[in-house]
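Notes follow once the structure below has been shown.
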Amino acid sequence: NKRTAYKKQKVSNAPNDKKVDTRAQKVMQWQDEEISSEEDNNNSPSNSDDDETSENEESAEDKRRRLAKQYLGQMAEVEDGEESDNDEQGLSTRLKTSRMRAKGEHFEDHSSSLAQIDLPACSRREYSGHKGSVTSIAVTKDESAVYSGSKDNSVIRWDIETGAKVVLREKWNPKENPSGQNSSSGEILAVAVTHDDRFVVSAGRDNVIRVFDSRMRYAEVKALTGHRDTVTSLAFRMDSYTLFSGSLDRCLKHWDLNDMAYIETLFGHQDGVYSVDCWTKEKPLSASSDRTVRLWKVAEETHLVFRGHKSSIDNAQYLTDNSFVSAGQDGSLHLWKDGQKVPVRSVVAAHGYQGTSVSSAAAAAAA
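Take any residue in the sequence shown, count from 1 to its spot, add 4: that is its number in this note's numbering.
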């Protein structure tokens with residue numbers, strides 16, 4: 005008699021029913037959260053008492069170790085040419101830098117090199133094609149292309165090296181538009197591009213967010229509607245298809261381009277929203293003419309309110325997931341940290357004298 009050995013398999017008792025996310029089916033009234041200077045550090049991972057390990061888990065562990073050794077070997081090859089005493093230190097530094105870059109926490113000092121640049125001697129390139137003022141631009145993650153939006157209603161993709169252009173949306177043509185309308189009704193005020201350069205989105209005075217396939221001409225994939233006033237700003241969450249939009253209707257809207265779907269509306273601002281930004285976490289940042297910057301905690305359905313400017317705030321940009329900079333029409337720049345009620349650092353007359361508005365903080369955020 006032959007005996008047949010059977011492998012024991014773990015049986016999962018978890019139910020098969022999936023939870024249905026109902027946030028997209030309702031409009032939430034967000035509540036202000038009191039800003040605390042302390043962080044909740046109770047998010048420690050739980051330990052399992054199960055000592056059994058399946059063959060699949062062992063195989064995955066072996067694979068993880070193999071890939072780690074392979075990566076370390078590649079890093080060691082990069083360090084070739086340096087003294088052996090410094091190999092371990094150099095490898096450790098590179099690993100730390102790679103980890104911090106993945107978290108969006110890596111900083112490099114470029115001030116010295118920038119100070120030595122002779123701007124008049126620098127070469128520059130000009131790309132012409134718009135018939136109206138250019139209102140917004142977005143650069144791809146690999147810095148190979150730039151997208152521009154204009155008051156002539158057009159959206160154009162430019163190859164940075166060659167200058168070749170692809171028109172995604174044509175400029176306004178009075179012959180193709182009904183009577184009673186003019187070009188101002190379709191002015192483009194915001195442009196954004198996904199991390200993989202697949203989708204480009206534009207928005208403006210017609211209250212509509214238009215999604216384009218960047219690989220094709222005149223390829224409008226979807227028109228996202230819902231805002232009741234001019235859409236002023238667009239921002240993708242880093243390395244995702246999660247999109248946030250800000251509007252003069254005092255609202256932010258949350259979209260998912262995986263399904264080309266509306267998710268939710270974020271309420272709280274008392275006046276028009278002029279700037280939206282997002283980093284690695286699902287915590288959009290917005291600036292408004294109500295003189296506040298708001299950091300939205302989407303998962304907790306709350307948000308933090310930061311006050312410090314004396315007039316309308318035109319721009320707010322993340323530096324890291326826990327710090328950001330804001331700029332306003334009072335001429336001041338403020339550096340903030342999540343959890344602190346007052347700015348960490350302030351520059352009152354950032355451009356020479358108080359009263360000169362600062363309309364963009366993107367350069368400061370990138371520095």
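Ideal Cβ positions, reconstructed from N, Cα and C, are used throughout, including at glycine.
The structure displayed is predicted, hence computed values, not measured ones.
Residues near residue i in its chain [Cβ-Cβ closer than 8 Å; skip 5 each side]
i, result
"residue 287", "299, 300, 301, 302 and 325"
"residue 45", "Unreliable placement is indicated for residue 45, whose pLDDT of 43 sits below 50; the coordinate value is still reported in the next sentence. Result list for residue 45: empty, nothing under 8 Å."
"residue 223", "172, 216 and 217"
"residue 246", "240, 258, 259, 260, 261, 282 and 286"
"residue 243", "199 and 284"
"residue 221", "170, 171 and 172"
"residue 174", "157, 158 and 222"
"residue 341", "326, 327 and 348"
Residue i to residue j span [Cα, whole Å]
i, j, result
"residue 308", "residue 289", "10 Å"
"residue 213", "residue 203", "12 Å"
"residue 169", "residue 162", "5 Å"
"residue 330", "residue 125", "32 Å"
"residue 102", "residue 158", "39 Å"
"residue 270", "residue 253", "11 Å"
"residue 251", "residue 241", "18 Å"
"residue 343", "residue 297", "13 Å"
"residue 115", "residue 122", "14 Å"
"residue 327", "residue 347", "10 Å"
"residue 295", "residue 112", "31 Å"
"residue 131", "residue 155", "16 Å"
"residue 313", "residue 72", "48 Å"
"residue 322", "residue 256", "17 Å"
"residue 100", "residue 249", "34 Å"
"residue 219", "residue 225", "11 Å"
"residue 273", "residue 234", "15 Å"
"residue 47", "residue 304", "Model confidence at residue 47 stands at a pLDDT of 46, short of 50, so the residue's coordinates are unreliable; what they give is reported in the following sentence. If you take the alpha carbons of residue 47 and residue 304, they lie about 15 Å apart."
"residue 165", "residue 339", "35 Å"
"residue 144", "residue 211", "25 Å"
"residue 127", "residue 120", "15 Å"
"residue 135", "residue 188", "13 Å"
"residue 9", "residue 69", "Because the pLDDT at residue 9 is just 42, under 50, the model does not fix this residue reliably, and the value given afterwards should be weighed accordingly. Distance between the alpha carbons of residue 9 and residue 69: 30 Å."
"residue 93", "residue 355", "42 Å"
"residue 105", "residue 176", "42 Å"
Residue i at chain C interface by Cβ criterion, 9 Å
i, result
"residue 224", "Looking for chain C here will not work: only one protein chain is present."
6 Å CB neighbourhood of residue i in its chain, flanking five on each side removed
i, result
"residue 152", "138, 141 and 160"
"residue 195", "140, 142, 151, 153 and 206"
"residue 232", "253"
"residue 193", "139, 208 and 236"
Span of the beta strand (DSSP E) around residue i
i, result
"residue 339", "337-341"
"residue 323", "317-324"
"residue 207", "203-208"
"residue 308", "306-311"
"residue 239", "235-240"
"residue 152", "149-154"
"residue 218", "Element bounds for residue 218: n/a, residue is neither H nor E."
"residue 268", "265-270"
"residue 283", "Unbroken run through residue 283: none, as it is neither H nor E."
"residue 355", "First-last for residue 355: undefined, no H or E at that position."
"residue 291", "289-292"
"residue 332", "327-332"
"residue 130", "Looking at the DSSP string, residue 130 is not in any beta strand (DSSP E), and its letter there is neither H nor E."
First and last residue of the uninterrupted alpha helix (DSSP H) at residue i
i, result
"residue 168", "Unbroken run through residue 168: none, as it is neither H nor E."
"residue 115", "115-119"
Cβ separation of residue i and residue j, assumed to be a contact under 8 Å, to the nearest whole Å
i, j, result
"residue 332", "residue 316", "6 Å"
Residue i and residue j closer than 9 Å at C-beta
i, j, result
"residue 279", "residue 320", "yes"
"residue 201", "residue 117", "no"
"residue 190", "residue 209", "yes"
"residue 236", "residue 277", "yes"
"residue 353", "residue 318", "no"
"residue 228", "residue 264", "yes"
Residues near residue i in its chain [Cβ-Cβ closer than 7 Å; skip 5 each side]
i, result
"residue 129", "167"
"residue 275", "254, 292, 293 and 294"
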